[in-house]
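A.B. asks: Numbering (the working numbering), first residue to last: 5 to 240. Each residue gets a CB set at the ideal place from its N, CA and C atoms; glycine is no exception. Have a look at this one.
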Amino acid sequence: MLLTNKVTVIYGASGAVGSTVAMTFARERATLFLTGHSRTGVGKLAGEINAAGGSAEAAQVDELDERAVEVHLNRISSERVDLTFHLMRLGFVTPPYRVLYSPTWLSLDQFMAPIQTHVQANFITARLAGRLIAAKGSGVIMTVTSTPSRIANPLMGGVAVAMAAQEALIRDLSVELGPKGDRVLGIRTHGMSDSDTIKEVFGLHARAYDITREQFQQLVAERTHRKRLPSLQEMA
5 MLLTNKVTVI
15 YGASGAVGST
25 VAMTFARERA
35 TLFLTGHSRT
45 GVGKLAGEIN
55 AAGGSAEAAQ
65 VDELDERAVE
75 VHLNRISSER
85 VDLTFHLMRL
95 GFVTPPYRVL
105 YSPTWLSLDQ
115 FMAPIQTHVQ
125 ANFITARLAG
135 RLIAAKGSGV
145 IMTVTSTPSR
155 IANPLMGGVA
165 VAMAAQEALI
175 RDLSVELGPK
185 GDRVLGIRTH
195 GMSDSDTIKE
205 VFGLHARAYD
215 ITREQFQQLV
225 AERTHRKRLP
235 SLQEMA
């Protein structure tokens, strides 16, 4: 088992990606600490993992609240932290960001909202986890990015800039923490076709282009080497 006795914190574990990652890590025997913006979803997930013979504990943690993240990590750090997985959602933004708008038609607040919140959440969680892992001398910080960070797509508002900024943060943390034994990495996907969130996003884009969701999904898939999108389980 790849993760036997590895203390693992998953931020944003209640979504489709987070829950699939958590269940996969549980099968690899990780000791899981699951967090979410609300305890309801992560509590249910932790219960399912424990019922299946795994080890999971749930907590409500706002990733934009530096103190809340610190308190949670300090509470579990006596067991050490080996791996953190960061899945903060752009949907946490207030006021709501708009994807299907050209940046030239957004207000400053609307454009900056996904950039500020996404980078802030990743910075807070990675910085605090990085200190614990560096002190131990080994560990992994993982997060998920998306292709708009590198590929020019229309109607993305500030989201593509947020993804690019996140990847810059990953590189900076990697070069800083690497010599201390901490690997920092991001998984860049084209969107998992069986994710309800991706289906919704693809549907919005499809309507903007006046095509079906299936047609838009195929356009995205054609950009990949395998000419198909990954599944949630493949990503996990």
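Please name the residue in M239, S106, K48 and D86 whose C-alpha comes closest to that of G141.
C.D. replies: Translated into positions along the sequence shown, residue 141 becomes position 137. Measuring from the Cα of G141, the nearest candidate turns out to be D86.
A.B. asks: One question on the structure: do V13 and F37 come within less than 7 Å of each other, judged by their Cβ atoms?
C.D. replies: For the purposes of this step, residue 13 is identified with residue 9 of the sequence shown, where counting begins at 1. For the purposes of this step, residue 37 is identified with residue 33 of the sequence shown, where counting begins at 1. Yes, these two residues count as a Cβ contact at 7 Å.
A.B. asks: So what does DSSP say about M27, is it helix, strand or coil?
C.D. replies: Reading the sequence shown from its first residue, position 23 is the one you call residue 27. Of the three classes helix, strand and coil, the one that applies to M27 here is helix, per DSSP.
A.B. asks: Residue ranges of each alpha helix (DSSP H) run of no fewer than 4 residues wholly in the region 156-214, ordered along the chain?
C.D. replies: Those alpha helix (DSSP H) runs which fall completely within the region 156-214 and span 4+ residues are 163-181 and 200-213.
A.B. asks: What residues in its chain sit with their C-beta under 7 Å from that of A164, if we drop five residues either side in the sequence?
C.D. replies: Here residue 164 is taken as the residue at index 160 of the sequence shown, counted from 1. If we look at A164 and ignore the five residues flanking it on each side, its Cβ neighbours are P152, S153 and N157.
A.B. asks: With respect to the beta strand (DSSP E) encompassing V148, which residues constitute its N-terminal and C-terminal limits?
C.D. replies: Your numbering for residue 148 matches position 144 in the sequence shown. Here the beta strand (DSSP E) through V148 covers G143 to S150.
A.B. asks: Leaving aside the five residues before and after L77 along the sequence, list all residues of the same chain whose C-beta is less than 6 Å from its C-beta, in chain order.
C.D. replies: Counted from its first residue, the sequence shown places residue 77 at position 73. Excluding residues within five positions, the ones whose Cβ falls inside 6 Å are L132.
A.B. asks: Please list the terminal residues of the continuous alpha helix (DSSP H) segment that includes V46.
C.D. replies: Counting from one through the sequence shown, the residue named residue 46 turns up at place 42. Run containing V46: R43 to A55, per the alpha helix (DSSP H) assignment.
A.B. asks: Give the C-beta separation of R43 and A62 to the nearest angstrom, bearing in mind that I take them to be a contact with Cβ-Cβ under 8 Å.
C.D. replies: For this step, residue 43 is matched to residue 39 along the sequence shown. For this step, residue 62 is matched to residue 58 along the sequence shown. With 8 Å as the limit, R43 and A62 qualify as a contact, their Cβ atoms being about 6 Å apart.
A.B. asks: Give the straight-line distance between the Cα atoms of L236 and T88, rounded to the nearest whole angstrom.
C.D. replies: Walking along the sequence shown from the start, residue 236 turns up at place 232. Walking along the sequence shown from the start, residue 88 turns up at place 84. Going from the Cα of L236 to the Cα of T88 covers about 18 Å.
A.B. asks: For P118, count neighbouring C-beta atoms within 10 Å of its own C-beta (all shown protein chains included) and say buried if the count is 16 or more, exposed if not.
C.D. replies: As a position in the sequence shown, residue 118 is number 114, starting the count at 1. Buried: at least 16 other Cβ atoms inside 10 Å.
A.B. asks: Please name the residue in M92, T129, R31 and V144 whose C-alpha comes closest to that of H41.
C.D. replies: One-based indexing of the sequence shown puts residue 41 at position 37. Minimum Cα distance to H41 is reached at M92.
A.B. asks: Am I right that E67 and I128 are in contact with their C-beta atoms under 8 Å? What's the rounded C-beta distance?
C.D. replies: Here residue 67 corresponds to residue number 63 of the sequence shown, with the count starting at 1. Here residue 128 corresponds to residue number 124 of the sequence shown, with the count starting at 1. Indeed, because the Cβ distance is near 6 Å, the residues count as touching under 8 Å.
A.B. asks: How close, in whole Å, do the beta carbons of A240 and T24 come, if the pair is a contact with beta carbons under 8 Å?
C.D. replies: Against the sequence shown, residue 240 aligns to sequence position 236. Against the sequence shown, residue 24 aligns to sequence position 20. Confirmed, Cβ separation roughly 5 Å.
A.B. asks: What three-state label does DSSP hand V13 in the structure shown?
C.D. replies: On the sequence shown, residue 13 is found 9 positions in, with the first residue counted as 1. V13: strand per DSSP, three-state reduction.
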